[in-house]
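Right, one structure below, let's go through it.
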Amino acid sequence: MLKKIAATALVAGAATVLVPTAAFASASGCNAGTCIGVEGQSLRVEAITADSLSGYGFYGHYHIYGGGIDTNSSTGNWTPGLGWTIYPRRDLPNGSVLCVEAWVKNADGGHSLRGRPCVEVRF
Numbered sequence: 059m060l061k062k063i064a065a066t067a068l069v070a071g072a073a074t075v076l077v078p079t080a081a082f083a084s085a086s087g088c089n090a091g092t093c094i095g096v097e098g099q100s101l102r103v104e105a106i107t108a109d110s111l112s113g114y115g116f117y118g119h120y121h122i123y124g125g126g127i128d129t130n131s132s133t134g135n136w137t138p139g140l141g142w143t144i145y146p147r148r149d150l151p152n153g154s155v156l157c158v159e160a161w162v163k164n165a166d167g168g169h170s171l172r173g174r175p176c177v178e179v180r181f
């Protein structure tokens, strides 16, 4: 369950939009069909989930990064609602910005970015 983590939700893209929330407990947001969910309390982050909205399934991989975290999922078919979760279970620096990217694999073997939602961990 996502709570409000004394965080600020950011939506990265052509323009960055700041949406203030209450003190950090947990936060979430979506951009271009790609979503991030962060669970934690104060500056401690327990889990970060990358997922897609209904109708935005894809073949490719997720990238989760920020606050000293930088990791990629395996490449495969990603069904909306069955996202990928990592478990940092540690404190992050105040002001850390956590982001999720969905990279769709193209027919030519390259990748196209489809969405980059972010949240800021702030106490």
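Take any residue in the sequence shown, note its place counting from 1, add 58, and you have its number in our numbering. Idealized CB from N, CA, C, for every residue including glycine. Keep in mind that this is a model prediction, so the values were computed, not measured.
Whole-angstrom C-beta distance between residue j and residue i, which should lie under 8 Å
{"i": "Arg-172", "j": "Gly-153", "result": "Rounded, the Cβ-Cβ distance is 27 Å, inconsistent with contact."}
{"i": "Cys-88", "j": "Pro-175", "result": "5 Å"}
{"i": "Pro-138", "j": "Gly-115", "result": "5 Å"}
{"i": "Ser-110", "j": "Thr-92", "result": "6 Å"}
Residue from the options with nearest C-alpha to residue i
{"i": "Cys-157", "options": "Ser-110, Ile-94, His-119", "result": "Ile-94"}
{"i": "Asp-149", "options": "Gly-91, Ala-105, Trp-136", "result": "Ala-105"}
{"i": "Ala-108", "options": "Arg-102, His-169, Trp-161", "result": "Trp-161"}
{"i": "Gly-168", "options": "Ile-122, Leu-101, Leu-111, Thr-133", "result": "Thr-133"}
{"i": "Leu-101", "options": "Gly-113, Ser-112, Gly-125, Ser-86", "result": "Gly-125"}
{"i": "Val-155", "options": "Gly-113, Trp-142, Ile-122", "result": "Ile-122"}
Span of the beta strand (DSSP E) around residue i
{"i": "Asn-130", "result": "127–130"}
{"i": "Asn-135", "result": "134–136"}
{"i": "Ser-86", "result": "84–89"}
{"i": "Arg-147", "result": "Arg-147 -> no beta strand (DSSP E), and no H or E assigned at all."}
{"i": "Asp-109", "result": "102–110"}
Pair within 8 Å by beta-carbon distance, residue i and residue j
{"i": "Lys-163", "j": "Gly-98", "result": "no"}
{"i": "Tyr-120", "j": "Glu-178", "result": "no"}
{"i": "Ala-85", "j": "Val-103", "result": "no"}
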